[in-house]
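Be aware that the sequence shown starts at 0, since it is given in numbering that gives the first Met the number 0, and climbs by one per residue. Virtual Cβ for every residue (Gly too), placed ideally from N, Cα, C. As the structure is a computational prediction, the values presented were derived from the model and not from experiment. Since the structure comes first, as structure tokens, the remarks are kept for the end.
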Amino acid sequence: MEDCIFCKIVKGEAPAEKVYEDENFIGFLDVNQVTDGKTLIVPKKHYKTLLDMPSSLGNEMLEAIKKVGLDLIDKGKAEGFNVLINNFEVAGQVVPHAHIHILPRKKEDGLKRMYLEDAKK
Ligand code: 5GP
Ligand code: ZN
Numbered sequence: 000m001e002d003c004i005f006c007k008i009v010k011g012e013a014p015a016e017k018v019y020e021d022e023n024f025i026g027f028l029d030v031n032q033v034t035d036g037k038t039l040i041v042p043k044k045h046y047k048t049l050l051d052m053p054s055s056l057g058n059e060m061l062e063a064i065k066k067v068g069l070d071l072i073d074k075g076k077a078e079g080f081n082v083l084i085n086n087f088e089v090a091g092q093v094v095p096h097a098h099i100h101i102l103p104r105k106k107e108d109g110l111k112r113m114y115l116e117d118a119k120k
């Protein structure tokens, strides 16, 4: 995908602060640091949403999530973390290359608990 920003980051054609890499995924800091250390994990291949990703990548994806989350905790940037995937525009997906948000959380970070009922208030 020529115009995809995440494909460009994967290929090293656009800058990003990479914090994780394995065979099929990379992790890099989100340009919008909602909380310090917020990371995106993206498959190296272009899939539009989670539905397009082969399930055979599931174990590797879970490992990536666990490693990034644990690393944030080990580095003192998080006491816990949220994992979020927006699929399709209606659900908030802006970049059409599947990605997982890892949002580091701390007790005093000022963010609400992430339940959908809170999003209605
Ligand atoms: P979405 O709303 O598609 O689930 O999330 C897209 C995420 O990508 C947002 O959190 C946004 O801040 C992040 N983002 C968009 N463009 C860039 C970019 O060029 N570099 C980085 N590092 N993050 C980006
Ligand atoms: Zn892409």
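Measure the C-alpha to C-alpha separation of residue 13 and residue 27 and round it to an integer number of angstroms. Counting from one through the sequence shown, the residue named residue 13 turns up at place 14. Counting from one through the sequence shown, the residue named residue 27 turns up at place 28. Computed Cα separation, rounded: 12 Å.
Distance between beta carbons of residue 63 and residue 40, contact taken as under 8 Å: Here residue 40 refers to the residue found at position 41 when the sequence shown is read from its first residue. Here residue 63 refers to the residue found at position 64 when the sequence shown is read from its first residue. Taking 8 Å as the upper bound for CB-CB distance, residue 40 and residue 63 are in contact here, some 5 Å apart.
Should residue 24 be counted as a contact of the ligand ZN given a C-beta to heavy atom distance under 7 Å? In the sequence shown, residue 24 corresponds to position 25, counting from 1. Because no heavy atom of the ligand ZN lies under 7 Å away, the Cβ of residue 24 does not count as near it: no.
Curious, which full-length beta strand (DSSP E) runs of at least 3 residues does the region 45-115 contain? List check, beta strand (DSSP E) in window: 79-83, 99-104.
The beta strand (DSSP E) with residue 18 in it runs from where to where? Position 19 of the sequence shown, counted from the start, is the residue given in the question as residue 18. That run of the beta strand (DSSP E) goes 17-20.
Going by Cα to Cα distance, which pick from 111, 71, 81, 108 is closest to residue 99? Start at 1 with the first residue of the sequence shown, and residue 99 comes out as number 100. Distances from the alpha-carbon of residue 99 to those of 111, 71, 81, 108 put 81 closest.
Span separating the alpha-carbon of residue 66 from that of residue 38: Counted from its first residue, the sequence shown places residue 66 at position 67. Counted from its first residue, the sequence shown places residue 38 at position 39. Put simply, the backbone Cα of residue 66 is about 12 Å away from that of residue 38.
Take residue 85 and list the residues in its own chain whose beta-carbon comes closer than 7 Å to its own, dropping the five residues that flank it on each side. Your numbering for residue 85 matches position 86 in the sequence shown. Cβ neighbours of residue 85 beyond the five flanking positions: 91, 92.
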